[in-house]
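J.: With the sequence shown counted from 1, adding 924 to any position gets you my numbering.
From the three backbone atoms N, C-alpha and C, an ideal C-beta is built for every residue, glycine too.
In this text the structure is predicted, and so the values were computed from the model without any measurement.
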Amino acid sequence: MPVTPLEIMVSKVWSMGAVVLVASALLGSIVGSHTLLALPLAGRLGIAKNTALVIATGATLVTDLASLLVLAVVQGLQSGDAGPMFWLRFAGLTALWAAFVLWLMPRIARAFFQRVRREDDQAFAFLLAAVFLSAWLASLVGLAPIIGAFVAGIALNRLVPKKSPLMTRLRFVGDAILIPFFLVSVGLLVDVSVLASLEVWGLALGFTALVVVGKGGAALLSGPLFGFTREESGTVAGLTMPQAAATLAVTLIGFEIGLFSQTAVNAVVVVIVLTCLLGPTLVRLFGTKLALAEEEKPYEPASAPERIVVPLANPETAEELMELALLVRSPESEEPVYPLSIARGGHDEAANVAQAEGLMQRAVLHATAADVPVSPTVRIDDNPAVGILRALRELRASEVVAGWTGARSTGDRIFGGILDSMLETSRAMVVVARLARPLAAATRLVLLLPPLVWREPGFARALRAMAVLASQKGLSVVVVTVETDREAVEDRLGQTRPTLEAEIHAVSDWREAVRTLDDVARDGDVLGLLSVRRGTVAWRPALDRLPRVLVRRFPELDVLTLYLSESEVAALVSSATDGVGEDDLQLPEQHVALDLVPAGPEAMLRQLLYGGFPDHPGRAETLAHEVFASHPEDAPEIMPGVVFFHGHVDVEEPMTFVGVCPPGASLPGTASPARVVLALLAPRAMPPEAYLQTLAVVAQLVRSEATVEALLEVETTEAARDLLLDGLRADRPEEAAHAATEDE
């Protein structure tokens, strides 16, 4: 049957409509994608960590990936018959390619990095080969090679820390070689002579209007949804407006397959120029106002400047410790890393200094290769422990990254002489690392959070360091904590930046934590223990033994023991004791008892509270019962011989009590008889932050065995009170460093 003219006309219209629809979809993918050209400007303004900008940065991955997926479909339609068999073949080959790139390739890469301890030329060559292989396989499937390269980058991203020598090399090759060649290839397609054409400028202005309306409208509509301010919405619009990398790639391929004309290519180049001028202008305009608003926000200790000191002594582990320091260092930090080496004095002083300088050279090269500022420090001291502690004080270290072999000598309390002295005399956050394998092989971070550790003022900073480590390495996170702390821990995890999404395993008793690890831990894990020093609310004797237990139980895994910073506590104590009088800490003489009789925990607390309510003994008994009713599971020991009871009760203002029990009382869960009892009664309406700050200050009243012995010898409550307040005002002694062993 002959084909009628009407059928021919309908067929042509249908074909033209399909072509227009495909071209429109490709144009939409161009407008939808964007390049974060103005992100460095936002970083210089100090707003890169703003929640709105973080969301916009994450959305870039979604938009670019969606743009490339549209390109893949369009290219498939243009390359062959769009019948059912074509789509089945295309979908099947694409699924096989995706499985290889996203599932098999990362496992091959991880196995390779386990055998290459340092990020050297072999690792760089491996990654380039993986990217080119993925791009070539994508072309065989029928996808654009750029899609293969992009997906390979997503698959291997977790294995390359953002601040590492390997990432620096990759960025250099991309920025200095690959991207310029790509731009040159696009530039060769542009006909400069037609830029004077009204048709080109008409298309360019139309495309630009689509970009401005699309990106600006999305920013304005998402503002009320996510609670953005006007300045944040304006900054997001400017950040997502520039068209560059993905736009050029899609335009080039659209031209090659015949969907875009030479005029359209020229118009897109004009759009790129216009949007790359408009976007940074908006970021500067609204970002400046946003930066001023950010400065007015309350101070957050977790975001304080980082000064990371890395004591180095062993050449075999120097680069690994530097690598760990770079991983816990915030990418936005402008402070240098301070590798530190102590050279012994004496007749071999010159040789020791030369050896220390040689060790520093390796550390400096590793850090500078990662594009991180570094300030190497060599000190001369006959006692390495004293030299390290003096350097920490002079450098004003906020964090310390130190190595540990896992061995322990007889008489060592936790790790050994130097490390133990560092913990006793420094208030900085200390990361003690036993590295059994390269961190490049890590796939998961397992965090152990002891009971009440979330109440410590340094918890936010420590959790942020672990979040940065997980973010830079792309590690999934598992948290092991007690059931009673689960809600508080989930709340703290939600407040951490960068975002820390974790799978939580809650145990009913902390003593089950290690047994739970037997079921949870697996090959490729990094174990992280957030611990505290003696004299803090969350301390318990088992924490001093736990690092050695973990090393023995999991000899093939990396173990990080992170001691929370006490700098925030020092600031609180300084504020609380500045001109302290009788009412400042609510510690009048009648709240001090020197003759407690050994008894059970609640009976001991009742004895102590009787002094505060001499005319109402029933009131003391009621309050003691309330303390134990609210926290019956709390282990009160904060150091050997000292217990600390605390809780929210029916009082109008915070009340502090101190009692001395000369014979010592054997209480459940304590390592030694309790000879000093502290108690804090806080009003029920007291805000959580104020409560935690007060806990930290009261816990500082008794911080050493010398204070305990002195309290046992005083004869009057006035003398005991003065002793405690004088000790609270005084700095912690440095002489403990001289007790460090010299053989480490």
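1) Taking the alpha carbon of ILE1740 as the point to measure from, which residue in GLY1130, LEU992, PRO1089 has its own alpha carbon closest?
2) Which one or two residues does DSSP pair with THR1485 in a beta bridge?
3) Between which two residues does the alpha helix (DSSP H) harbouring PRO1471 extend?
4) Roughly how many angstroms separate the alpha carbons of GLY967 and VAL1355, rounded to a whole number?
5) Nearest-angstrom Cα distance between VAL997 and GLY1016?
6) Take ALA1217 as the anchor and find which of VAL1483, GLY970, ALA1517, ALA1544 has the nearest alpha-carbon.
7) Who pairs with GLU1642 in a beta bridge, going by DSSP?
8) Considering only C-alpha positions, which residue in the set ALA1544, ARG1599, PHE1552 is nearest to GLY1565?
9) Restricting to runs no shorter than 3 residues, where is the beta strand (DSSP E) found entirely within the region 1123-1163?
10) Taking the DSSP output, what are the residues bridged to VAL1516?
11) When the Cα atoms are used, what is the spatial distance from LEU965 to ALA1267?
12) What are the boundary residues of the beta strand (DSSP E) that includes GLU1561?
13) Could you please give the first and the last residue of the uninterrupted beta strand (DSSP E) stretch that includes VAL1324?
14) When you compare each of SER1299, PRO1578, GLN1514 to TYR1262 by their alpha carbons, which one comes out closest?
15) Please list the terminal residues of the continuous beta strand (DSSP E) segment that includes PHE1184.
16) Run the CB neighbour count on ARG1154, radius 10 Å, all protein chains shown included, and call it buried at 16 or more, exposed below.
17) Tell me which same chain residues have a C-beta within less than 6 Å of the C-beta of LEU1648, skipping the five on either side of it?
18) Relative to the alpha-carbon of GLY1147, which residue among ALA1035, LEU977, LEU1198, GLY1098 has its alpha-carbon at the smallest distance?
19) Would you call the region 1428-1439 and the region 1591-1607 touching, i.e. three or more CB-CB distances under 8 Å?
20) Quick check for students: name the residue ranges of the beta strand (DSSP E) that lie wholly in the region 1336-1396, counting only runs of 3 or more.
21) Who are the near neighbours of GLN1285 in its chain, counting only those whose CB is closer than 7 Å to its CB and skipping five residues on each side?
22) Can you confirm whether the region 1200-1219 touches the region 982-990 when touching is taken to mean that 3 or more C-beta pairs between the two stretches lie within less than 8 Å?
23) Run the CB neighbour count on SER1117, radius 10 Å, all protein chains shown included, and call it buried at 16 or more, exposed below.
24) Within 10 angstroms of the Cβ of ILE1046, are there 16 or more other Cβ atoms? Answer buried if so, exposed if not.
25) Report back the beta-carbon spacing between PRO1471 and LEU1453 to the nearest angstrom; my notes put them in contact at under 8 Å.
26) Whole angstroms is fine: what's the gap from ASP1650's alpha carbon to GLU1629's?
27) Using three-state DSSP, classify SER1121 as helix, strand or coil.
28) Between LEU1083 and LEU1248, how many whole angstroms is the CB-CB distance? I'm expecting something under 8 Å.
29) Which residue from GLY1077, ALA1548, LYS1086, THR1187 puts its Cα closest to that of ASP1295?
30) Please state whether the Cβ-Cβ distance between LEU989 and LEU1051 is less than 8 Å.
31) With contact counted as at least three CB pairs below 8 Å, one residue from each stretch, are the region 1344-1351 and the region 1409-1422 in contact?
32) Can you name the start and end residues of the beta strand (DSSP E) that GLU1427 belongs to?
33) For ASN1238, count the other beta carbons within 10 Å of its own beta carbon; 16 or more makes it buried, fewer makes it exposed. Which is it?
34) Grouping DSSP H, G and I as helix and E and B as strand, with all else coil, what is GLY1651?
35) Please determine, among ILE1181, ALA1173, ALA1462, SER1322, the residue with the shortest C-alpha to C-alpha distance to MET1563.
T.: Let's see:
1) Nothing can be reported for residue 1740: it is not among the residues displayed for the chain, which extend from 925 to 1668.
2) Sequence index remark: in the sequence shown, residue 1485 carries index 561 (1-based). Note: THR1485 sits in a beta bridge opposite VAL1356, LEU1453.
3) Translated into positions along the sequence shown, residue 1471 becomes position 547. Start and end: 1465-1477.
4) By 1-based counting over the sequence shown, the position of residue 967 is 43. By 1-based counting over the sequence shown, the position of residue 1355 is 431. Spanning the two alpha carbons is a distance of roughly 28 Å.
5) The residue labelled residue 997 in the question sits at position 73 within the sequence shown. The residue labelled residue 1016 in the question sits at position 92 within the sequence shown. Straight-line Cα distance between these residues: approximately 14 Å.
6) Here the question's residue 1217 lines up with position 293 in the sequence shown. Per the Cα distances, GLY970.
7) Sequence index remark: in the sequence shown, residue 1642 carries index 718 (1-based). None, per the DSSP bridge assignment.
8) For this step, residue 1565 is matched to residue 641 along the sequence shown. When each option's Cα is compared against that of GLY1565, the closest is ARG1599.
9) none
10) Along the sequence shown, read from residue 1 onward, the residue named residue 1516 stands at position 592. Partner(s): VAL1582.
11) Against the sequence shown, residue 965 aligns to sequence position 41. Against the sequence shown, residue 1267 aligns to sequence position 343. Straight across, the Cα-Cα distance linking LEU965 with ALA1267 is about 43 Å.
12) For the purposes of this step, residue 1561 is taken as residue 637 along the sequence shown, with counting starting at 1. GLU1561: member of the beta strand (DSSP E) spanning 1561-1563, first to last residue.
13) As a working mapping, residue 1324 is identified with position 400 in the sequence shown. Counting along the chain, the beta strand (DSSP E) containing VAL1324 begins and ends at 1323-1327.
14) One-based indexing of the sequence shown puts residue 1262 at position 338. Per the Cα distances, SER1299.
15) The residue you call residue 1184 lines up with position 260 of the sequence shown. Segment: none, PHE1184 is in no beta strand (DSSP E) and carries neither H nor E.
16) In the sequence shown, residue 1154 corresponds to position 230, counting from 1. Exposed.
17) Locating residue 1648 in the sequence shown gives position 724, where the first residue counts as 1. The residues are LEU1625.
18) If you number the sequence shown from 1, residue 1147 lands on position 223. It is LEU977 whose Cα lies nearest to the Cα of GLY1147.
19) Touching, no.
20) 1353-1358, 1368-1372
21) Translated into positions along the sequence shown, residue 1285 becomes position 361. The answer is none, since no qualifying residue turns up.
22) With fewer than three CB-CB distances shorter than 8 Å, the region 982-990 does not count as touching the region 1200-1219.
23) On the sequence shown, residue 1117 is found 193 positions in, with the first residue counted as 1. Burial call: exposed.
24) Here residue 1046 corresponds to residue number 122 of the sequence shown, with the count starting at 1. Rather than Ile, the amino acid found at residue 1046 in this sequence is Gln. Counting Cβ neighbours within 10 Å, GLN1046 comes out exposed, since fewer than 16 surround it.
25) Counting from 1 along the sequence shown, the entry for residue 1471 is found at position 547. Counting from 1 along the sequence shown, the entry for residue 1453 is found at position 529. Between LEU1453 and PRO1471 the Cβ distance is about 7 Å, and since that is below 8 Å, they are a contact.
26) Residue 1650 sits at position 726 when you count from the first residue of the sequence shown. Residue 1629 sits at position 705 when you count from the first residue of the sequence shown. Rounded to the nearest angstrom, the two C-alpha atoms are 16 Å apart.
27) Counting from one through the sequence shown, the residue named residue 1121 turns up at place 197. Correct three-state label for SER1121: coil.
28) Stepping through the sequence shown from its first residue, residue 1083 is reached at position 159. Stepping through the sequence shown from its first residue, residue 1248 is reached at position 324. The pair is not a contact, with the Cβ atoms about 16 Å apart (cut-off 8 Å).
29) What you label residue 1295 is simply residue 371 of the sequence shown in a count that begins at 1. The shortest Cα separation from ASP1295 among GLY1077, ALA1548, LYS1086, THR1187 belongs to LYS1086.
30) As a working mapping, residue 989 is identified with position 65 in the sequence shown. As a working mapping, residue 1051 is identified with position 127 in the sequence shown. Against a cut-off of 8 Å, the Cβ pair of LEU1051 and LEU989 comes out as no contact.
31) No, because fewer than three Cβ pairs between the region 1344-1351 and the region 1409-1422 fall closer than 8 Å, the two stretches do not touch.
32) Counting from one through the sequence shown, the residue named residue 1427 turns up at place 503. Run containing GLU1427: 1426-1431, per the beta strand (DSSP E) assignment.
33) What you label residue 1238 is simply residue 314 of the sequence shown in a count that begins at 1. Exposed: under 16 other Cβ atoms inside 10 Å.
34) The residue given as residue 1651 occupies position 727 in the sequence shown. Helix at GLY1651.
35) Translated into the one-based positions of the sequence shown, residue 1563 becomes position 639. The shortest C-alpha separation from MET1563 is found at ALA1462.
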